[in-house]
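*Asks:* Supplied in structure tokens, the structure appears directly below.
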Amino acid sequence: HGDKERGWVSTCTSIELGEALNNGYKVIKYFRALHYEKWDNELFKGYVSEFMSMKIHSSGFPKEIDSHQKEEKFIRECQEKFGIYLEREKMIPDKAMRYISKLMLNSLWGGLV
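37 is the number that this note's numbering gives to position 37 of the sequence shown; each next residue is one higher, with no gaps.
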């Protein structure tokens, strides 16, 4: 096969493109590049935090968390590691609410790619 037959069209981030180039891939033609001067890692923080806490609450505690002490540790680690604030009394399994919160999280990501 020739280069044209082996090629493909792709949408990717600069990180993915850089990795492809590092692995020997070649860019023959590109159609468009979006370049942003500013970077803001806070832009969607509130949105993600809100729906991630909703998803965790509606999932309930994982099965291996079987004591008050482990619940406290789980809640504390979610806050310290991820900035997700949880309330023990809201940790009630609810499949419908979990589905909706997961859909909202995935919809944000899907709208950006």
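We put the CB at the ideal spot given by N, CA and C, even for glycine.
Specify the secondary structure class of Ser-77 as computed by DSSP and reduced to three states.
*Replies:* Sequence inspection shows Glu at residue 77; the Ser mentioned does not correspond to that position. Three-state result, Glu-77: helix.
*Asks:* Who are the near neighbours of Gly-7 in its chain, counting only those whose CB is closer than 8 Å to its CB and skipping five residues on each side?
*Replies:* Only residues of its own chain outside the window of five on either side were considered, and among them Ile-28 have a CB closer than 8 Å to the CB of Gly-7, listed in chain order.
*Asks:* From which residue to which residue does the alpha helix (DSSP H) around Lys-4 run?
*Replies:* 3-6
*Asks:* Val-9: beta carbon under 7 Å from a heavy atom of the ligand MG?
*Replies:* The ligand MG is not part of the structure shown, which contains no ligands of any sort.
*Asks:* Output needed for Asp-94: all residues of its chain with C-beta closer than 6 Å, excluding positions within five of it in sequence on either side, in chain order.
*Replies:* Ser-58
*Asks:* How is Leu-43 classed by DSSP in three states: helix, strand or coil?
*Replies:* coil
*Asks:* Are there three or more Cβ pairs, one per stretch, closer than 8 Å when the region 87-103 is compared with the region 22-36?
*Replies:* no
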